[in-house]
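Data first, discussion second: the structure below is written as structure tokens.
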Amino acid sequence: MEKISNKIKNLIQSKTQIEEWHLQGQKVVFTNGCFDILHLGHVDYLEKAAALGDRLVVGLNTDASVSRFKGEERPIQDQNSRARILASLQFVDMVVLFDEDTPLELISELLPDILVKGSDYLAENIVGADVVRRHGGIVATIDFVPGYSTTRIIKKIKKT
Numbered sequence: 001m002e003k004i005s006n007k008i009k010n011l012i013q014s015k016t017q018i019e020e021w022h023l024q025g026q027k028v029v030f031t032n033g034c035f036d037i038l039h040l041g042h043v044d045y046l047e048k049a050a051a052l053g054d055r056l057v058v059g060l061n062t063d064a065s066v067s068r069f070k071g072e073e074r075p076i077q078d079q080n081s082r083a084r085i086l087a088s089l090q091f092v093d094m095v096v097l098f099d100e101d102t103p104l105e106l107i108s109e110l111l112p113d114i115l116v117k118g119s120d121y122l123a124e125n126i127v128g129a130d131v132v133r134r135h136g137g138i139v140a141t142i143d144f145v146p147g148y149s150t151t152r153i154i155k156k157i158k159k160t
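Those letters in the sequence shown? Residues 1 to 160, per the numbering used here, in order.
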């Protein structure tokens with residue numbers, strides 16, 4: 001069994017691993033997010049994303065990037081904790097952190113075969129969609145499980 005921490009890679013390691021997978025004829029799926037408090041909605045989404053290809057790569061926002069767009073109180077869990085939790089999921093093959101406001105640079109470097117986001121995005125508005133399509137890849141959206149969100153969980157906790 002692969003050590004969980006070995007699934008967490010930097011950009012250079014990620015590119016090398018994806019090149020190896022591509023040489024083996026494997027389809028690489030990429031998605032990204034904060035994944036602050038892992039819940040059923042996240043697990044369902046990631047499992048469905050993984051089913052679209054052979055390998056699932058998750059781009060994970062660093063703490064700094066989460067704070068920039070979610071506010072000073074976020075993230076709840078630090079980036080190392082979030083990365084390790086994601087890497088522990090059997091259908092996640094790799095986790096790579098990114099510090100930019102969007103994953104465009106990461107997607108442009110990794111060039112996945114399939115780019116996935118939640119269905120709250122229109123495919124043409126997904127960051128990196130043009131890059132993936134230009135390299136022969138596809139863009140897909142996945143429906144969320146209704147009623148599950150990190151924000152909702154945080155609000156519920158604050159009520160008690």
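Even for Gly, the Cβ is constructed at its ideal location relative to N, Cα and C. Model, not experiment: these values are computed from the prediction.
Start and end residues, beta strand (DSSP E) containing residue 117:
114 to 118
Count Cβ pairs between the region 87 to 96 and the region 4 to 22 that sit closer than 8 angstroms; are there 3 or more?
yes
Can you check which of these residues, 31, 155 and 112, is closest to residue 20 by C-alpha distance?
112
List in chain order: all unbroken beta strand (DSSP E) runs of 3+ residues lying wholly within the region 35 to 103.
55 to 61 and 94 to 98
Per-residue DSSP class, three states only, for residue 6
helix
What number of angstroms, rounded off, separates the C-alpha of residue 100 from the C-alpha of residue 35?
16 angstroms
Measure the alpha-carbon distance for residue 121 versus residue 114 and round it to whole angstroms.
15 angstroms
DSSP state of residue 126 mapped onto helix, strand, coil
coil
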